[in-house]
Amino acid sequence: MTQLDPATALDALGVRCNRCGRCCRSHGGDLPASAGDLERWRNAGDAGAALLEWVMPASASVPRAGELWRDPGTGARWDAAWCPWGREHSDGRHTCTIYPLRPDACRTFPELAGQVDTICAVAGLELIGR
Ligand code: SF4
Ligand code: SF4
Numbered sequence: 001m002t003q004l005d006p007a008t009a010l011d012a013l014g015v016r017c018n019r020c021g022r023c024c025r026s027h028g029g030d031l032p033a034s035a036g037d038l039e040r041w042r043n044a045g046d047a048g049a050a051l052l053e054w055v056m057p058a059s060a061s062v063p064r065a066g067e068l069w070r071d072p073g074t075g076a077r078w079d080a081a082w083c084p085w086g087r088e089h090s091d092g093r094h095t096c097t098i099y100p101l102r103p104d105a106c107r108t109f110p111e112l113a114g115q116v117d118t119i120c121a122v123a124g125l126e127l128i129g130r
């Protein structure tokens with residue numbers, strides 16, 4: 001699959017993503033799956049079916065369609081902060097190997113719950129002055 005940049009939402013905010021990968025390495029192992037994510041993957045053939053194998057059932061107390069990620073090899077929750085779909089390149093830049101199918105949480109990053117996430121140094125520096 002073609003590897004593309006992880007954070008065009010940042011571009012939409014008018015800030016240039018430097019592809020540092022901090023977002024995917026900090027939040028990528030513990031993401032919500034939305035109903036839209038599940039629908040997208042159900043309609044995406046084999047690639048989508050493979051991603052559905054990585055979805056854990058949502059906790060009854062949390063309003064989301066599923067939890068990401070579950071390692072289909074072991075059946076256990078993915079036990080790392082970094083996302084299994086991120087790739088670091090020899091020049092230090094990071095990309096997403098499932099970019100066209102990435103979860104909604106990644107599509108809207110660095111805006112989380114109406115706020116700009118401070119894990120993103122670029123957004124922190126340029127949007128909220130940190
Ligand atoms: S799915 Fe892609 S964009 Fe989202 S955390 Fe994983 S590597 Fe990053
Ligand atoms: S943390 Fe921010 S600058 Fe770094 S890859 Fe993610 S969106 Fe881009």
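When you number the sequence shown by our numbering, it's gap-free, plus one each residue, and the end is 130. Using N, Cα and C, we set each Cβ at its ideal position, and we do this for glycine too. Please read all numbers here as calculations on a predicted model, not as lab measurements.
In this structure, the straight-line span from the alpha carbon of R77 to that of W85 is close to 15 Å. DSSP, reduced to helix, strand and coil, places T95 within a strand of the structure shown.
A distance below 7 Å between beta-carbons, with the five flanking residues on each side excluded, links G36 to the following residues of its chain, in chain order: D104. Comparing alpha carbon positions, the residue from G66, W54 and T118 closest to G73 is W54. Judged by their CB atoms, S26 and A80 are not nearer to each other than the 8 Å cut-off. C-alpha of T95 to C-alpha of S61: approximately 33 Å in a straight line.
The Cβ neighbour count for A33, taken over all protein chains shown within 10 Å, is at least 16; the residue is labelled buried. Distances from the CB of R93 to the heavy atoms of ligand 1 are all 7 Å or more. Around the Cβ of E39, a 10 Å sphere holds fewer than 16 other Cβ atoms; the residue is exposed.
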